[in-house]
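Presented below is the structure to which this report refers.
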Amino acid sequence: MTASWRHRGFSLFEMLAALVVLALATGLVASRIRPPSASERLDQAAELLADDLRRAQLQARRSAAAVLVAVTETGYHIDALSVGRDWPAGLNARWLSRTRFGWQETETLNMSGRPLSREGARIVIRLEAVERIVRLDAISGQIHVDRSMQ
C-alpha cells in the first residue's frame, strides 16, 4: 500500500525555500532594529535642510518677495513656510554667507526667487567626525548637499 500525497510531508526543496524566506525576513527585521549611524542622521538632516531651502526659494519666486530663513540656537525657522526645525542632538551648524570680504557667519538667509538678487551661502553641519555642506549657489540658484569623505 502506498502513502497518499497528504501524508508524505514536505520535500527537501520546500524546506529550503521556507528557510530562505525566513532568513530574508530575519535580515530585514535586523537591519531595521539597528539605530541610524551619525552619517545617516547627518545625511537626513542635510537633505531636510536642502528641501526646506528649496521650498523657501520657490515661495520667494511665487510671492515675488524674499523669504527669511532665521537661524535659531537649536536649528532654524522659516516663517513664510511655518517651518521650525531642531537639529538632532550633538549636531553643530555654521551658517555662512558670501560677502565681498569672503565667507562670514550669519544669523539669517534671504531666499530670493530673482536670479540677480540671490545670496550665496554655505551651511556646514557636523555630527561627530562627519561633515556635510549645504551649498546655495548665488548664480544658478541651485541648492546642493556636499558630502565630505571623513
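Okay, so the sequence shown: first residue is 656 according to our numbering, each after it adds one. Yeah, the Cβ is synthetic: ideal placement off N, Cα and C, and Gly gets one too.
With 16 other Cβ atoms within 10 Å as the buried cut-off, status of residue i
i, result
"I688", "exposed"
"M670", "exposed"
"S752", "buried"
"A784", "exposed"
"V684", "exposed"
"I794", "exposed"
"A672", "exposed"
"V675", "exposed"
"R663", "exposed"
Of the listed residues the options, nearest to residue i (C-alpha basis)
i, options, result
"A705", "I788, A721, A719, F665", "I788"
"R777", "D801, R769, R740, V684", "D801"
"S737", "L708, L751, G682, A672", "L708"
"Q797", "L713, A672, F756, A720", "L713"
"L747", "R740, T729, L764", "Looking at the sequence provided, one finds Asn at residue 747 rather than Leu. Nearest C-alpha to N747: T729."
Cut-off 6 Å between Cβ atoms - residues of its own chain near residue i, not counting five sequence neighbours on either side
i, result
"V779", "R749, I788"
"V722", "A711, Q714, A715, A735, M766"
"G768", "A715, R716"
"L697", "L782, V785, R787"
N-terminal and C-terminal residue of the beta strand (DSSP E) that residue i is part of
i, result
"D706", "D706 -> not in any beta strand (DSSP E); alpha helix (DSSP H) instead, spanning 693-718."
"E806", "Within the shown structure, residues of the chain are numbered from 656 to 805, placing residue 806 beyond reach of any answer."
"R802", "798-802"
Sequence-distant residues of its chain with Cβ nearer than 8 Å to residue i (five each side left out)
i, result
"T761", "V726, W750, L751, S752, A776"
"R740", "L703, L704, D707, G730, Y731, H732"
Delimiting residues of the alpha helix (DSSP H) encompassing residue i
i, result
"E669", "667-688"
Own chain partners of residue i with C-beta closer than 7 Å, once the 5 adjacent residues on each side are dropped
i, result
"W742", "A700, T729, G730, A748"
"L667", "none"
"Q759", "L751, S752"
> Mind pulling the beta strand (DSSP E) runs of 3 or more residues that sit fully within the segment 713-780?
Replying inline: 722-726, 730-733, 738-741, 747-754, 757-760, 763-766
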